[in-house]
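Numbering (this note's numbering), first residue to last: 1 to 386.
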């Protein structure tokens, strides 16, 4: 929330946008500037038995029997934008060899005994397809890809320093893992960068006079000391927490423990995820949605619209029918609807920027559904009432 919304406002004025009624609002471009197109990414799962079960029937008919359970499932992963809808290659475009014209739409049979799980490697492949399409079909615009905060999207390169795996003292076990010839091998983290711009090695040299420290990870206490942080020997590795999977750091603190202190160093904050580095290398940008705020992603409403159509299609337990019905339902989500969904999400961005709660934002959107943004007078009034 604290990074996505400010980033959005920096770029919003260069975006073509629509209000919740589908009215077009042109961008404000300076001379020589290109418009920005935002592509939202997400995934959803369709189930074979996800049909409308409650319905009106004639009194002369008997209620039918339905299959138990949700049935076979398929996951679909795709991009949408308010400008162009689904990110599918046009028929005139030349698709990559071996791929269908709908390059970025991935249909995935997720599960331990199926196609495994949709991971970072799949996201990278899909993003490469997406950038290939936009480069060919929309070369005169700048493109931004918006992902949620799932770990498969935010994963760092294996050699990037991963603070959560670091120890307070020296250790032989700290490092990343890379796949080489189908096998995982241990690799050292890449050097960090000190505040003055010089390189900081995270491992002791191989010719260290102490045998036990040769090539060993230095430990956060020493690494932070080299950065000029005082009293590092007194720092705990992490702040205690009742949840073993989370740190117990209090909000707003940046130097309460070794992990927190290191994570707030400028070079660590500036680290790019795998997909961020990939996108920026090709002139695009990746933004991450805040966790647990699905209303900021208009593709969520696209899934809902498609499932509304899907649940009224003839029921079947066949995976082939599931796939055909799912794709047919997605095809029926029209560009006009996508633009309305995008306008709704944009209103939530403005509401959250004024610290409105979810219920307050929903009420304001309902009252001002024809506006691109919620009136500032109303937002100021709600701020005063708090």
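Virtual Cβ for every residue (Gly too), placed ideally from N, Cα, C.
Item	Value
For residue 133, the three-state DSSP class (helix, strand or coil)	helix
When 236, 61, 266 and 35 are compared against residue 169, the one with the closest alpha-carbon	236
Endpoints, alpha helix (DSSP H) assigned at residue 189	Careful: residue 189 lies outside any alpha helix (DSSP H) and carries neither H nor E.
Uninterrupted alpha helix (DSSP H) stretches inside the stretch 196-257 (no shorter than 4 residues)	220-226
Alpha-carbon to alpha-carbon, residue 107 and residue 229	49 Å
C-beta atoms of residue 323 and residue 87 nearer than 8 Å	no
Residue 44 (DSSP reduced to helix, strand or coil)	strand
Cα-Cα separation between residue 42 and residue 80, rounded to whole angstroms	9 Å
Backbone CA spacing between residue 396 and residue 90 [nearest angstrom]	Because the chain spans 1 through 386 in this model, residue 396 falls outside it and cannot be assessed.
Helix, strand or coil at residue 143 [DSSP, three-state]	strand
Alpha-carbon to alpha-carbon, residue 50 and residue 238	45 Å
Residue 342 burial status per 10 Å Cβ neighbour count (16 or more: buried)	buried
Nearest-angstrom Cβ-Cβ length linking residue 274 and residue 156, presumed shorter than 8 Å	7 Å
Reference residue 130, options 144, 215, 104 and 306, closest by Cα	104
Between the CA atoms of residue 23 and residue 17 - distance to the nearest angstrom	8 Å
Distance between residue 258 and residue 222 (C-alpha atoms, nearest Å)	10 Å
Status (buried if at least 16 other CB within 10 Å, exposed otherwise) for residue 179	exposed
Straight-line Cα distance separating residue 308 from residue 328	12 Å
beta-carbon residue 318 near the ligand HEM non-hydrogen atom, thresh 7 Å	As presented, the structure is devoid of all ligands, the ligand HEM included, so that no description of it is given.
Residue environment, residue 6, which counts as buried when at least 16 other CB atoms sit within 10 Å	exposed
Close Cβ partners of residue 71 (< 6 Å) along its chain, the five nearest in sequence each way excluded	47, 48, 49 and 317
Inter-stretch contact (C-beta, 8 Å, three-pair minimum) for the stretch 264-272 and the stretch 241-252	no
Residue 185 versus residue 176 - alpha carbon distance	8 Å
Candidates 242, 194 and 215, of which the one nearest residue 225 by Cα	194
Proximity winner among 58, 148, 314 and 27, relative to residue 4 (alpha-carbon distances)	148
Proximity of residue 288 and residue 143 at Cβ, strictly below 8 Å	no
Sheet register partners of residue 78 (DSSP bridge)	42
Minimum C-alpha distance to residue 122 - residue among 113, 77 and 25	77
Assigned exposure category for residue 325 - 16 Cβ within 10 Å defines buried	buried
Span separating the alpha-carbon of residue 165 from that of residue 217	11 Å
Own chain residues within Cβ distance below 7 Å of residue 333, not counting five before or after	302, 305 and 306
Counterpart residues of residue 24 in DSSP-defined beta bridges	18
Residue 117 (DSSP reduced to helix, strand or coil)	coil
For residue 207 and residue 172, the rounded distance between their alpha carbons	15 Å
Alpha-carbon spacing of residue 348 relative to residue 211, whole angstroms	58 Å
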